[in-house]
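Undergrad: Note that UniProt numbering gives residue 59 to position 59 of the sequence shown, counting from 1, and the numbers run on in steps of one.
Beta carbons are placed, not taken as given, at the ideal position from N, Cα and C, and that holds for glycine.
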Amino acid sequence: MFRFRRPTADDAEMLLRWRTEPSITRFMFTDLENPNVDRQRAWLAAIEARRDFRHFIIEHEERPIGYLSYSDIDWVHLRCSSGSYIVEERDRRKLAGFLHNFIMDYCYYGMGMNKIVNYFMEGNDTVIRIQRVLKTREVGVLRQHVHKYGRFHDVYVFETLRSEWEGHIRLFPRETTLAAFAE
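(1) Whose CA, out of R79, V146, A182 and A180, lies closest to the CA of M28?
(2) Measuring straight from C-alpha to C-alpha, what distance separates R174 and E13?
(3) At what residues does the alpha helix (DSSP H) containing K94 begin and finish?
(4) Is the beta carbon of S82 less than 8 angstroms from the beta carbon of L99?
(5) Do the segment 78 to 93 and the segment 102 to 122 make contact, defined as three or more Cβ pairs closer than 8 angstroms?
(6) In terms of residues, what are the limits of the beta strand (DSSP E) holding T160?
(7) Throw me the rounded Cβ distance for the R51 and I86 pair, which I believe falls under 8 angstroms.
(8) Between T25 and the rest of its own chain, which residues show a CB-CB distance below 7 angstroms, the 5 nearest in sequence each way excluded?
(9) Could you tell me which residues DSSP pairs with L68 in its beta bridges?
(10) Which residues does DSSP pair with E138 in a beta bridge?
(11) Give a yes or no on whether the C-beta atoms belonging to Y109 and L178 are separated by under 8 angstroms.
(12) Spatial neighbours of F53 within its chain, please: CB distance less than 6 angstroms, with the 5 preceding and 5 following residues excluded, ordered by chain position.
(13) If you drop the 5 nearest sequence neighbours on each side, which residues of the same chain put their C-beta closer than 6 angstroms to that of Q131?
(14) Name the two residues that bound the continuous beta strand (DSSP E) containing residue 185.
(15) R50 by DSSP, collapsed to three states: which one?
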C-alpha cells in the first residue's frame, strides 16, 4: 500500500534526480538553476521552517515512487494548493489513479483545509483531463501565466471544496488514507 513520509537530507540526491528528470520538470512552472545535491539539502532544511508548505515522499510497497507537496497553505482562509508526480511511467499508469483519495483526504482531514486550488500548465493534457473526470471545478485559464522554454504558457485552474469532496466516491476508507501519512 501507500505511505507518505517527510523527506530527509538523505533524500536530497534522489529528489534532485527526480526534479531534474525531463519527463517530470516539463510541466513544472520553474526549473532549478545550477542544480546540485548541496543546494537540494539546503532547500530541504529551509522548507522545514515554513508553515505554508508541507511535502512528502510517496512510497508504494516500501519503494519511493514520487513526491507530493502542499503549498500556499493559508491557515486563516483554510486553503492550499498541491502538486505531485510519480517518477516512473509504469508506476504512473498503475498507481496514479489511487493517489487522489490520499491527497484530498490529507488536505481536508489531515490539515483541516476547506479548499484546494490546483494549477496545471497547458500541455499537461492527461492531468487536466483527469481533473475533469474527477469533477474538479474548472475555475478558468490564466492566459500566458508561465514563461518557460522561451515562450508563455497558459495555466488551467481547478478547485474543490471540502463539502464537494465529501460527496465523492471513496476508493479507500478515510482511516486508511490518513494513516498512510507519517508526520
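TA: Quick answer:
(1) Residue 28 sits at position 28 when you count from the first residue of the sequence shown. When each option's Cα is compared against that of M28, the closest is V146.
(2) As a working mapping, residue 174 is identified with position 174 in the sequence shown. As a working mapping, residue 13 is identified with position 13 in the sequence shown. Distance between the alpha carbons of R174 and E13 is about 33 angstroms.
(3) Sequence index remark: in the sequence shown, residue 94 carries index 94 (1-based). It spans E89 to D105 - the alpha helix (DSSP H) in which K94 sits, taken as one unbroken run.
(4) Residue mapping note: residue 82 aligns to position 82 of the sequence shown, counting from 1. Residue mapping note: residue 99 aligns to position 99 of the sequence shown, counting from 1. No, the Cβ-Cβ distance between S82 and L99 is not below 8 angstroms.
(5) With the cut-off at 8 angstroms, the segment 78 to 93 and the segment 102 to 122 touch.
(6) Position 160 of the sequence shown, counting from 1, holds the residue named residue 160. Here the beta strand (DSSP E) through T160 covers R151 to L161.
(7) Translated into the one-based positions of the sequence shown, residue 51 becomes position 51. Translated into the one-based positions of the sequence shown, residue 86 becomes position 86. Not quite, the Cβ-Cβ distance comes to about 27 angstroms (not below 8 angstroms), so this is no contact.
(8) What you label residue 25 is simply residue 25 of the sequence shown in a count that begins at 1. So the list reads R19 and D31, once near-sequence residues are dropped.
(9) Against the sequence shown, residue 68 aligns to sequence position 68. Bridge partners of L68: F56 and S84.
(10) For the purposes of this step, residue 138 is taken as residue 138 along the sequence shown, with counting starting at 1. Paired residues: F158.
(11) Taking the first residue of the sequence shown as position 1, residue 109 is located at position 109. Taking the first residue of the sequence shown as position 1, residue 178 is located at position 178. In this structure, Y109 lies near L178, with their beta-carbon atoms less than 8 angstroms apart.
(12) Your numbering for residue 53 matches position 53 in the sequence shown. I47 and S71.
(13) Position 131 of the sequence shown, counting from 1, holds the residue named residue 131. So the qualifying residues of the chain are F158.
(14) It is not possible to answer for residue 185, since the shown part of the chain is limited to 1 through 183.
(15) One-based indexing of the sequence shown puts residue 50 at position 50. Coil, per DSSP.
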